[in-house]
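Residue numbers (the working numbering): 1324 to 1643.
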């Protein structure tokens, strides 16, 4: 039985409902220049699923009529979509805050050397993956040479003003645990990141976001191979805190896949779980944002990854 079947068959997560739509999170495709073992998207260089121009236009039309304040671009490496810059530019013209979930190494790939400057010109918030401040740990999770390339990317961003006080250019780093554990306290880990990255490399950043590894796709298969899947699910379920339900990201976010179909969150998208009450995924063109307000959210046992311990979301820990 696959991890997806286990999650959906034994779901006992509390029912929750939507608030007002604030963020449109869009997966521009599964193509990536990295192959990370914890990746819930199964992204990599050989993936060919990518959002086309027509779907990009449908996303922008929905963004304008929805009143969402934030456009959160993810992948894969979202920058590898040929319409990435078009989407950023148009959203910026609408006055929408754009977030780029960047793996940092893409900034030095041939053909993408201009990307950091483009992000700065359009005031894009960069949310950058750096699962540890120690090189060996990063390379173990993401591949040889990734840490060195990530440091180079951070230096490029710092030189443009990202993470520097007073510039308004926000640079958030993202931490994922190396294995089947919950993230440590976010504030304490942020302090350690700040000290090490500044002392060793002169790097500064705005904040650190700690995000739990979700037991789906590539990470779930790793847990199953090691015989740790049930143990990890028991850890998440046992660490559930009701207070975190109020802050989970799906209350104010919808996730759009590369074809334009809509899900309650990026994790549900990867599990192909449609919106609650829908027998099949609904397309963005058929949605009206106000109609989503107050609707139930499709939940399953992987949702405990967002409410365990200090909580976890695309914006980091839910508990300060």
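The beta carbon of each residue, even a glycine, is placed where N, CA and C say it ideally should be. If you're wondering where the values come from, they're calculated on a predicted model, not measured in any experiment.
**Request:** Would you identify the three-state DSSP class for residue 1457, choosing helix, strand or coil?
**Result:** Position 134 of the chain shown, counting from 1, holds the residue named residue 1457. Correct three-state label for residue 1457: coil.
**Prompt:** For residue 1439, which residues of its own chain have a beta-carbon under 7 Å away from its beta-carbon, when the five flanking residues on both sides are left out?
**Reply:** In the chain shown, the residue the question calls residue 1439 occupies position 116. So the list reads 1430, 1479, 1480 and 1483, once near-sequence residues are dropped.
**Item:** Expected contact under 8 Å - CB spacing of residue 1591 and residue 1578 to nearest Å
**Value:** Counting from 1 along the chain shown, the entry for residue 1591 is found at position 268. Counting from 1 along the chain shown, the entry for residue 1578 is found at position 255. 7 Å between Cβ atoms; contact.
**Request:** With distances taken Cα to Cα, identify the nearest neighbour of residue 1342 among 1623, 1632, 1613 and 1640.
**Result:** Counting from one through the chain shown, the residue named residue 1342 turns up at place 19. Taking only the C-alpha atoms, the option nearest residue 1342 is 1613.
**Asked** Per the contact definition of three or more C-beta pairs closer than 8 Å, is the segment 1538-1551 in contact with the segment 1569-1577?
**Response** no
**Message:** At the level of alpha carbons, what is the spacing between residue 1545 and residue 1635?
**Reply:** Along the chain shown, read from residue 1 onward, the residue named residue 1545 stands at position 222. Along the chain shown, read from residue 1 onward, the residue named residue 1635 stands at position 312. Taking the straight line joining both Cα atoms gives about 21 Å.
**Prompt:** Which full runs of the beta strand (DSSP E) of 3+ residues lie inside the segment 1412-1462, going along the chain?
**Reply:** 1420-1425 and 1448-1452
**Message:** Please report the distance separating the alpha-carbon of residue 1327 from that of residue 1489.
**Reply:** For the purposes of this step, residue 1327 is taken as the residue at position 4 of the chain shown. For the purposes of this step, residue 1489 is taken as the residue at position 166 of the chain shown. With a pLDDT of only 49 at residue 1327, under the threshold of 50, the placement of this residue in the model should not be trusted; the figure read from the coordinates follows. Approximately 45 Å, taken between the alpha carbons.
**Prompt:** In whole angstroms, what separates the C-alpha of residue 1407 from that of residue 1384?
**Reply:** Walking along the chain shown from the start, residue 1407 turns up at place 84. Walking along the chain shown from the start, residue 1384 turns up at place 61. Cα to Cα, the separation comes out at about 15 Å.
**Asked** How should residue 1340 be labelled, buried or exposed, when 16 other C-beta atoms within 10 angstroms of its C-beta is the threshold for buried?
**Response** The residue labelled residue 1340 in the question sits at position 17 within the chain shown. When all chains shown are included, residue 1340 counts as exposed.
**Request:** Grab the span of the beta strand (DSSP E) containing residue 1559 for me, first residue to last.
**Result:** The count along the chain shown starts at 1 and reaches residue 1559 at position 236. From DSSP, residue 1559 is part of no beta strand (DSSP E) but of the alpha helix (DSSP H) over 1552-1561.
**Message:** For residue 1496 and residue 1532, which I take to be in contact (beta-carbon distance under 8 Å), what is that distance rounded to the nearest angstrom?
**Reply:** Here the question's residue 1496 lines up with position 173 in the chain shown. Here the question's residue 1532 lines up with position 209 in the chain shown. The pair is a contact, with the Cβ atoms about 7 Å apart (cut-off 8 Å).
**Asked** Using DSSP with H/G/I as helix, E/B as strand and the rest coil, what is residue 1353?
**Response** The residue given as residue 1353 occupies position 30 in the chain shown. Coil, per DSSP.
**Request:** Can you say whether residue 1417 is buried or exposed, counting buried as having 16 or more other CB atoms within 10 angstroms of its CB?
**Result:** On the chain shown, position 94 is the one that residue 1417 refers to. Residue 1417 is exposed by the Cβ-count criterion.
**Prompt:** Taking the beta strand (DSSP E) that residue 1490 falls in, what are its first and last residues?
**Reply:** If you number the chain shown from 1, residue 1490 lands on position 167. It is not in any beta strand (DSSP E) - residue 1490 carries neither H nor E in the DSSP assignment.
**Item:** Counted within 10 angstroms of its Cβ, other Cβ atoms place residue 1574 as buried (16 or more) or exposed
**Value:** The sequence position of residue 1574 within the chain shown is 251, counting from 1. Buried.
**Prompt:** Span of the alpha helix (DSSP H) holding residue 1504?
**Reply:** If you number the chain shown from 1, residue 1504 lands on position 181. No alpha helix (DSSP H) contains residue 1504, which DSSP labels as neither H nor E.
**Request:** Assuming residue 1529 and residue 1477 form a contact by the criterion Cβ under 8 Å, report the distance between their Cβ atoms to the nearest whole angstrom.
**Result:** The residue given as residue 1529 occupies position 206 in the chain shown. The residue given as residue 1477 occupies position 154 in the chain shown. At roughly 12 Å, the Cβ-Cβ gap does not stay under 8 Å, so residue 1529 and residue 1477 are not in contact.
**Item:** Segment limits, alpha helix (DSSP H) that includes residue 1474
**Value:** Counting from 1 along the chain shown, the entry for residue 1474 is found at position 151. Run containing residue 1474: 1469-1482, per the alpha helix (DSSP H) assignment.
**Asked** What distance in whole Å lies between the Cβ atoms of residue 1382 and residue 1354, which are believed to be in contact at a cut-off of 8 Å?
**Response** Working through the chain shown from its first residue, we reach residue 1354 at position 31. Working through the chain shown from its first residue, we reach residue 1382 at position 59. No, residue 1354 and residue 1382 are not in contact; Cβ-Cβ is about 17 Å, not under 8 Å.
**Asked** Exposed or buried, which one is residue 1424 when buried takes at least 16 other CB atoms within 10 Å?
**Response** Taking the chain shown and counting its residues from 1, one reaches residue 1424 at position 101. Classification for residue 1424: buried.
**Asked** Does the segment 1509-1528 come close enough to the segment 1559-1566 that 3 or more CB-CB pairs lie under 8 Å?
**Response** no
**Prompt:** What three-state label does DSSP hand residue 1529 in the structure shown?
**Reply:** Within the chain shown, numbered from 1, the residue matching residue 1529 stands at position 206. In the structure shown, residue 1529 sits in coil (DSSP, three-state: anything other than H, G, I, E or B).
**Asked** Considering residue 1579, what are the terminal residues of the beta strand (DSSP E) in which it resides?
**Response** Residue mapping note: residue 1579 aligns to position 256 of the chain shown, counting from 1. Per DSSP, residue 1579 belongs to the beta strand (DSSP E) from 1576-1579.
**Message:** Less than 7 Å between C-beta atoms, sequence neighbours within five positions excluded: which residues of the same chain meet that for residue 1508?
**Reply:** For this step, residue 1508 is matched to residue 185 along the chain shown. Here the set comprises 1633.
**Item:** Where residue 1635 falls: helix, strand or coil (DSSP)
**Value:** What you label residue 1635 is simply residue 312 of the chain shown in a count that begins at 1. If DSSP states are grouped into helix, strand and coil, residue 1635 belongs with coil.
**C-beta contact flag for residue 1421 and residue 1393 at 9 Å** = Indexing the chain shown from 1 puts residue 1421 at position 98. Indexing the chain shown from 1 puts residue 1393 at position 70. The answer is yes: Cβ separation under 9 Å.
**Asked** At a cut of 8 Å, does the segment 1367-1382 reach the segment 1346-1353 through at least three beta carbon pairs?
**Response** yes
**Asked** Under a Cβ-count criterion, where at least 16 other Cβ atoms within 10 Å of its own Cβ denotes burial, should residue 1332 be classed as buried or exposed?
**Response** On the chain shown, residue 1332 is found 9 positions in, with the first residue counted as 1. Low local confidence applies: a pLDDT of 48 at residue 1332 is under 50, so the model's placement there is unreliable, and no value is given.
**Request:** From the DSSP output, in three-state form, read off residue 1401 for me.
**Result:** Numbered from 1 along the chain shown, position 78 holds the residue referred to as residue 1401. Helix.
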